[in-house]
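Numbering (the working numbering), first residue to last: 1 to 372.
Using N, Cα and C, we set each Cβ at its ideal position, and we do this for glycine too.
Since this is a predicted model, take the numbers as computed values, not measurements.
Heads up, the thing below is written out as structure tokens.
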Ligand code: DP6
């Protein structure tokens with residue numbers, strides 16, 4: 001039974017809710033979508049609390065597309081907390097998982113102590129078993145940790161009856177996860193406080209705001225990335241003066257311009273800011289010492305193709321952005337999707353060895369042949 005619970009702007013679904021009882025586990029399943037940053041987060045000022053050096057802005061995908069599904073069960077018969085990711089048991093003592101579990105349990109205790117009515121008190125002290133699966137490649141630069149921690153925090157909150165602002169907890173799992181707690185266009189305000197209480201996600205516009213905006217994901221490689229975001233950004237903070245300049249002098253202005261472009265649905269401004277910010281992020285990776293390379297030859301060919309396509313029409317119809325991996329995320333308006341997909345298919349014919357070219361709106365995934 002799937003019941004949609006897009007509650008107070010959250011773009012997350014919740015599926016089953018068997019009643020808790022003394023001998024039956026309480027089980028909740030939720031899904032959370034990936035978000036794609038158009039103004040990138042790269043660099044922390046506090047590693048433990050995950051506080052960023054700049055604000056960022058992203059678009060949350062539709063929940064039927066790239067997503068994480070997480071089931072959390074609690075039972076008094078469970079001896080310890082445990083977690084399985086994509087079918088494999090992982091170490092629950094990971095500090096980030098522990099932060100999320102601790103914070104949710106703390107809020108649950110607080111609610112109980114505050115004497116909130118209607119609280120299901122059974123299970124508050126029970127151990128949890130967590131199962132989480134992604135429907136896309138993990139750690140290939142497709143923001144898997146964002147959907148993963150957003151889903152984990154939301155599902156735990158459902159199990160323990162916790163409500164309210166949860167993006168500050170998701171942030172402590174993975175920075176970008178705080179943005180997946182909301183649908184539509186979401187900013188993560190960096191905040192100023194040392195305790196991170198003001199470093200939260202906020203919806204800029206809801207998912208209904210720009211209905212003809214489309215996203216195409218071009219999968220250039222589904223391999224695990226060489227340098228993870230966490231360690232990559234750590235090295236960048238330590239060694240790149242371009243990153244410092246970007247955080248202090250470029251992003252603050254760009255955030256204002258991007259919010260304006262989103263609010264006025266100005267595709268040209270949105271697209272140009274998106275491409276420039278992706279390029280500057282990858283430039284900071286190159287400015288990192290030793291340098292980090294996330295883009296590959298296919299990524300660079302996609303960048304050239306987008307610019308050639310836009311030049312051909314004398315207007316910016318398509319934009320690209322790349323996270324910590326070679327896969328391209330393309331933004332465009334609905335009316336240009338069919339033609340642009342044909343252009344991509346022409347230059348990157350579907351791989352005959354099982355490669356797929358899956359088209360499905362509003363998000364499409366294409367598997368590109370690597371040797372073009
Ligand atoms: C390039 O959120 O994965 O995708 O906070 O260390 O878990 P941690 O990093 P993470 O970094 C994402 C970086 C990015 C840009 C972005 O999503 O803003």
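Is residue i near ligand 1, with its Cβ less than 7 Å from a heavy atom?
i: residue 41; result: yes
i: residue 184; result: no
i: residue 180; result: no
i: residue 175; result: yes
i: residue 190; result: no
i: residue 48; result: no
i: residue 93; result: no
i: residue 277; result: no
i: residue 323; result: yes
i: residue 37; result: yes
i: residue 319; result: no
i: residue 55; result: no
i: residue 255; result: no
i: residue 233; result: yes
i: residue 146; result: yes
i: residue 155; result: no
i: residue 229; result: yes
Cα-Cα, which of the options is closest to residue i?
i: residue 167; options: 160, 37, 198; result: 198
i: residue 31; options: 101, 69, 153; result: 69
i: residue 61; options: 182, 51, 92, 39; result: 182
i: residue 215; options: 297, 330, 299; result: 330
i: residue 134; options: 33, 201, 210; result: 33
i: residue 316; options: 281, 305, 79; result: 305
i: residue 40; options: 334, 186, 213; result: 186
i: residue 192; options: 275, 269, 45, 226; result: 45
i: residue 303; options: 239, 324, 276, 284; result: 276
i: residue 267; options: 282, 295, 281, 213; result: 213
i: residue 85; options: 149, 108, 321; result: 149
i: residue 296; options: 157, 322, 173; result: 322
For residue i and residue j, what's the separation of their Cα atoms in angstroms?
i: residue 290; j: residue 27; result: 46 Å
i: residue 386; j: residue 163; result: Because the chain here runs from 1 to 372, residue 386 falls outside it and cannot be looked at.
i: residue 81; j: residue 195; result: 27 Å
i: residue 97; j: residue 313; result: 48 Å
i: residue 420; j: residue 104; result: Outside the shown range of the chain, which is 1 to 372, sits residue 420, and nothing can be said about it.
i: residue 125; j: residue 102; result: 12 Å
i: residue 204; j: residue 287; result: 31 Å
i: residue 136; j: residue 326; result: 15 Å
i: residue 36; j: residue 131; result: 24 Å
i: residue 49; j: residue 106; result: 16 Å
i: residue 51; j: residue 255; result: 17 Å
i: residue 374; j: residue 318; result: In this structure the chain extends from 1 to 372, so residue 374 is not present and cannot be described.
i: residue 71; j: residue 263; result: 35 Å
i: residue 334; j: residue 90; result: 41 Å
i: residue 307; j: residue 248; result: 28 Å
i: residue 108; j: residue 160; result: 6 Å
i: residue 235; j: residue 75; result: 42 Å
Answer with buried or exposed for residue i, where buried requires no fewer than 16 other C-beta atoms within 10 angstroms of its C-beta.
i: residue 128; result: buried
i: residue 293; result: exposed
i: residue 88; result: exposed
i: residue 100; result: buried
i: residue 21; result: Model confidence at residue 21 stands at a pLDDT of 47, short of 50, so the residue's coordinates are unreliable and nothing is read from them.
i: residue 241; result: exposed
i: residue 23; result: With a pLDDT of 49 at residue 23, under the threshold of 50, the predicted position of this residue should be treated as unreliable, though the coordinate-derived value follows. Exposed is the call here.
i: residue 246; result: buried
i: residue 300; result: exposed
i: residue 278; result: buried
i: residue 380; result: The structure shown has nothing for residue 380, since the chain only spans 1 to 372.
i: residue 94; result: exposed
i: residue 184; result: buried
i: residue 207; result: buried
i: residue 311; result: exposed
Between residue i and residue j, how many whole angstroms is the CB-CB distance? I'm expecting something under 8 Å.
i: residue 43; j: residue 237; result: 5 Å
i: residue 176; j: residue 145; result: 7 Å
i: residue 67; j: residue 147; result: 6 Å
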